[in-house]
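Student:
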Amino acid sequence: MPKSAKPMRLDLALVDRGLCESREKAKRAVMAGQALLNGQRAAKASDKVKPSDELALAATDKFVSRGGHKLEHALETFGVVVAGLRAVDLGASTGGFTDCLLQRGA
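Numbering-wise, our numbering puts 269 at position 37 of the sequence shown, and it's gapless, one number per residue.
1) At which residues does the alpha helix (DSSP H) containing residue 244 begin and terminate?
2) For residue 297 and residue 284, I'd like the C-alpha separation in whole angstroms.
3) So the beta strand (DSSP E) residue 288 belongs to, where does it begin and stop?
4) Ignore the nearest five residues each way along the sequence and tell me which others in residue 331's own chain have a CB closer than 6 Å to its CB.
5) With C-beta atoms as the reference, is residue 278 less than 8 Å away from residue 241?
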């Protein structure tokens, strides 16, 4: 149940209603066109949302970071099958590559 009974910014409402973990992630969802306000794609994170407005996310991200999408595209483009293989991700980032590899059975 929302904490506030008065209109608030869309990004704050997404966090308040438990649809996003943080305001930054809410802003990203709006910019990516994933935030829906009364069934329509929301335009800006600063749009005002009333308590009676319906909020939803169109889709959740498949990977923990964009790196997973990049690796998935490369694996599909070059026909690389990683299932059953061992892999090491020596990067110092969020883990998108590892997430992608694990989802594909590596």
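All C-beta atoms, glycine included, are put in the ideal place defined by N, C-alpha and C. Quick caveat: nothing in here was measured; it's all calculated off a predicted structure.
Tutor: Concretely, from the data shown:
1) Residue 244 -> alpha helix (DSSP H) spans 242 to 248.
2) Spanning the alpha carbons of residue 297 and residue 284 requires a straight line of approximately 32 Å.
3) Going by DSSP, residue 288 is part of the beta strand (DSSP E) stretching over 287 to 289.
4) Answer for residue 331: 295, 296 and 300, listed in chain order.
5) Yes, Cβ-Cβ distance for residue 278 and residue 241 is below 8 Å.
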